[in-house]
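**Q** To start, I am sharing the structure in question, which I have written as structure tokens.
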Amino acid sequence: MMNNLFQFHGPAVKKLLGWKQGDEEEKWAEKAVDSLVKKLKKKKSGQGTVEDLEFALANPGSHSKCVTIPRSLDGRLQVSHRKGLPHVIYCRVWRWPDLQSHHELKPVPECMYPYDNKHQLICINPYHYQRIEPQVRFVTFS
35 MMNNLFQFHG
45 PAVKKLLGWK
55 QGDEEEKWAE
65 KAVDSLVKKL
75 KKKKSGQGTV
85 EDLEFALANP
95 GSHSKCVTIP
105 RSLDGRLQVS
115 HRKGLPHVIY
125 CRVWRWPDLQ
135 SHHELKPVPE
145 CMYPYDNKHQ
155 LICINPYHYQ
165 RIEPQVRFVT
175 FS
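For my numbering, add 34 to where a residue sits in the sequence shown, where the first one is 1.
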């Protein structure tokens, strides 16, 4: 099935999909990556290129640059009828397929454009986020 998906997209999308983790829906993951590549290629200057993302994915332990996309009005990204937070979408594609929520993520200190800072740009580099245990609050009744 993966061969069928590759025939419609360029080498950047194919290469980035090579780092995909887990069984995320193939078509959906492909559309998410294709959408990202288009956004990154439109950038004239600024933080992060397709090559910067490839470096981060190929060298997970190394220091890598922020890879940013513009923040939408509601902060979410729509990929094929599904809306989600951009950093969560790409962390799910490339690092943690079982990621459920942005509450499970925390930016690393060196990230200049973390989602939580409300910048006009959002870093989607999956190695600029750490996974944390979501905070569970217990309510006691007396």
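Just so you know, even glycine gets a beta-carbon here, dropped at the ideal spot from N, CA and C.
Specify the secondary structure class of residue 113 as computed by DSSP and reduced to three states.
**A** In the sequence shown, counting from the first residue as 1, residue 113 sits at position 79. Strand.
**Q** Strictly by DSSP, which residues pair up with residue 165?
**A** Taking the first residue of the sequence shown as position 1, residue 165 is located at position 131. Residue 165 is bridged to 139.
**Q** Quick check on the burial criterion: 16 or more other C-beta atoms within 10 angstroms. Buried or exposed for residue 132?
**A** Here residue 132 is taken as the residue at index 98 of the sequence shown, counted from 1. Label assigned to residue 132: exposed.
**Q** Is residue 156 helix, strand or coil by DSSP?
**A** Numbered from its first residue, the sequence shown carries residue 156 at position 122. The answer is strand: DSSP assigns residue 156 an E or B state.
**Q** Hey, is the region 63-73 in contact with the region 139-157, meaning 3+ C-beta pairs nearer than 8 Å?
**A** The region 63-73, when compared against the region 139-157, does not touch it at the 8 Å Cβ threshold.
**Q** Looking only at its own chain, which residues have a Cβ that is under 7 Å from the Cβ of residue 65, when we skip the five neighbours before and after it?
**A** For the purposes of this step, residue 65 is identified with residue 31 of the sequence shown, where counting begins at 1. Cβ within range, chain order: 113 and 114.
**Q** Between which residues of its own chain and residue 96 is the CB-CB distance below 6 Å, once the five residues before and five after are set aside?
**A** In the sequence shown, counting from the first residue as 1, residue 96 sits at position 62. Around residue 96: no qualifying Cβ.
**Q** Enumerate, from N- to C-terminal direction, the unbroken beta strand (DSSP E) stretches of 3 or more residues contained entirely within the region 77-108.
**A** Listed in chain order, the complete beta strand (DSSP E) runs (minimum 3 residues) inside the region 77-108 are 102-104.
**Q** Report all residues from its chain with a CB closer than 7 Å to the CB of residue 104; omit the five preceding and five following residues, and keep chain order.
**A** On the sequence shown, position 70 is the one that residue 104 refers to. The answer, listed in chain order, is 154 and 155.
**Q** Return yes when the Cβ of residue 94 is within less than 8 Å of the Cβ of residue 124, no when it is not.
**A** On the sequence shown, residue 124 is found 90 positions in, with the first residue counted as 1. On the sequence shown, residue 94 is found 60 positions in, with the first residue counted as 1. Contact flag unset, no.
**Q** Tell me whether residue 109 is buried or exposed, calling it buried when 16 or more other Cβ atoms sit within 10 Å of its Cβ.
**A** The sequence position of residue 109 within the sequence shown is 75, counting from 1. Exposed: under 16 other Cβ atoms inside 10 Å.
**Q** Tell me the rounded alpha-carbon separation between residue 157 and residue 134.
**A** Position 123 of the sequence shown, counted from the first residue, corresponds to residue 157. Position 100 of the sequence shown, counted from the first residue, corresponds to residue 134. Roughly 19 Å between the two C-alpha positions.
**Q** Taking 6 Å as the limit between beta carbons, can you name the residues of its chain near residue 90, skipping five residues before and five after?
**A** Residue numbering aside, residue 90 sits at position 56 when the sequence shown is read from its first letter. Once the five neighbours on either side are set aside, the close Cβ partners of residue 90 are 98, 159 and 161.
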